[in-house]
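Mapping the sequence shown onto the working numbering, position 122 (from 1) lands on 243, and the numbers just tick up by one.
Here the structure comes first, spelled out in structure tokens, and everything after it is commentary.
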Amino acid sequence: MSGIAKIHMVKREQMVVIIDDEEDLLDLYEYNFSKRGFRVLTFNRASKALDYISQNRPDIILCDWMMPEMDGLELCKTIKSNLTTAEVPFLMVTCRTEKSAVRQALAAGVSDFISKPIGMDELVSRVNFILNSDQANTMTGT
122 MSGIAKIHMV KREQMVVIID DEEDLLDLYE YNFSKRGFRV LTFNRASKAL DYISQNRPDI
182 ILCDWMMPEM DGLELCKTIK SNLTTAEVPF LMVTCRTEKS AVRQALAAGV SDFISKPIGM
242 DELVSRVNFI LNSDQANTMT GT
């Protein structure tokens, strides 16, 4: 046996919280993100997600805009107004494509605005891009 120790870096699974009122979509998101190595927690109501997010900081949030009770825009504003969760990247997934909606979402603090329908490969790629950009910014202090 060699005297050289091997160090294995274990990458922590990144936590994605996904909020959508369509159960079929939640199942699809959960399956696709899980098989790509993410820890996934899904919610069908923004209020339930907010309770969790306020106690457990996820790496990224993926949220539908149009939902009953509290919509995605209101959830984003609430999360961005809390110092503990303000830096969590927030992706808005929606059927809304009008320019005023995009401006409204970006003004609320949305990291990326994604129009439905979207392929799972593209969605996961966008999430990875934002997470990698966020980690690079955190390491460089920007």
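Glycine is no exception: its CB is placed at the ideal position from the N, C-alpha and C atoms.
With contacts defined as CB atoms closer than 8 angstroms, residue 214 and residue 182 fail to qualify as a contacting pair. Per the DSSP secondary-structure output, residue 184 pairs in a beta bridge with 140, 213.
Residue range 220–229 is occupied by the alpha helix (DSSP H) that includes residue 224. In the three-state reduction of the DSSP assignment, residue 162 falls in the strand class.
Here DSSP, grouped into helix, strand and coil, assigns residue 192 to coil.
Less than 8 angstroms divides the Cβ of residue 197 from the Cβ of residue 229. Per DSSP, the beta bridge partners of residue 234 are 213.
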